[in-house]
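Novice: This is the structure I want to talk about, given as structure tokens.
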Amino acid sequence: VFRTEASSDGEKSQAKLGYRQADQLNLEFIIDGTGVADFGFETLTGGGTKSVPEQIEEIVNLCLRKETESHHPNFLNLKWGYLYFEGYLASLEINYTLFDAGGIPLRAKLNTSFVESIPEQKQKKIEEGNSADISRVRTVKMEDTLPLLTKEIYGNYDHLFMLARANDLDQFRKLEPGTQLIFPAIKNEKP
């Protein structure tokens with residue numbers, strides 16, 4: 344992100360490169376208390392469906408409960424398929440869309456906005472030149488996926504298939520822990 348500073352001597356101001364703005368992720372969640380989507384351990388053990396207010400309370404506590412030492416809301420790691428996002432819940436809007444005869448909410452739509460916050464250690468790596476134009480080798484850990492590693496190294500998913508070809512991977516959804524992956528350097532493309 345470039346910023347401009349006005350000069351005091353009347354000369355034209357010059358654009359200076361500043362820090363980039365934090366990314367924002369907007370998600371819509373549907374919370375259902377009708378039992379139509381029941382599955383998992385609670386259903387098998389007869390636990391039943393939690394009420395919509397209970398489910399919303401769990402989400403609010405997870406996202407907004409302040410950590411005792413830092414007095415900050417919880418830091419969140421959002422992972423879904425190719426998506427990996429780190430940050431904090433910035434806003435939450437709850438719209439109840441279905442009620443039972445007694446007025447108890449049975450369904451709600453949660454519109455959320457998350458703001459990116461890169462952890463200090465990761466930001467330091469970025470500043471030290473851990474960038475996409477440097478090739479590197481990584482050893483796969485148990486929780487690693489190729490899409491998440493691609494996002495971490497290159498900053499996006501654009502090079503996912505190139506990376507799979509470079510490492511002779513037939514599939515990239517499940518990586519074998521201990522495997523060495525090569526992350527080739529990516530040249531900056533200028534028009």
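Under my numbering, residues 344 to 534 are what the sequence shown spells out, in order. Built from N, CA and C at the ideal position, the CB exists for glycine as well.
(1) Suppose the cutoff is 8 Å on Cβ atoms and the five residues either side in sequence are ignored; what does the same chain contact list for Val480 look like?
(2) Classify Lys517: buried if its beta carbon has 16 or more other beta carbons within 10 angstroms, exposed otherwise.
(3) Mapping the DSSP letters down to three states, classify Asn369 as helix, strand or coil.
(4) Between which residues of its own chain and Val483 is the CB-CB distance below 7 Å, once the five residues before and five after are set aside?
(5) Using CA atoms only, rank isn't needed, just tell me which of Asp366, Leu435, Gly446 and Gly376 is closest to Asn616.
(6) With respect to the beta strand (DSSP E) encompassing Glu429, which residues constitute its N-terminal and C-terminal limits?
(7) Less than 9 Å between the beta carbons of Tyr431 and Ser460, yes or no?
(8) Using 9 Å as the threshold, is the C-beta distance between Lys422 and Leu489 below it?
Specialist: Here's the rundown:
(1) Same-chain partners within the cutoff: Gln523, Leu524, Ile525 and Phe526.
(2) Counting C-beta atoms within 10 angstroms of its own C-beta, Lys517 has fewer than 16 neighbours from the protein chains shown and is therefore classed as exposed.
(3) Residue state, collapsed to three classes: strand.
(4) Around Val483: Leu518, Glu519, Pro520, Gly521, Thr522 and Leu524.
(5) Nothing in the structure corresponds to residue 616, since the chain is present only between 344 and 534.
(6) Membership of Glu429 in the beta strand (DSSP E) is indicated by the continuous run Leu426 to Phe442.
(7) Yes, the pair counts as a contact, with Cβ atoms nearer than the cut-off.
(8) Taking the C-beta atoms as reference points, Leu489 is found no nearer than 9 Å to Lys422.
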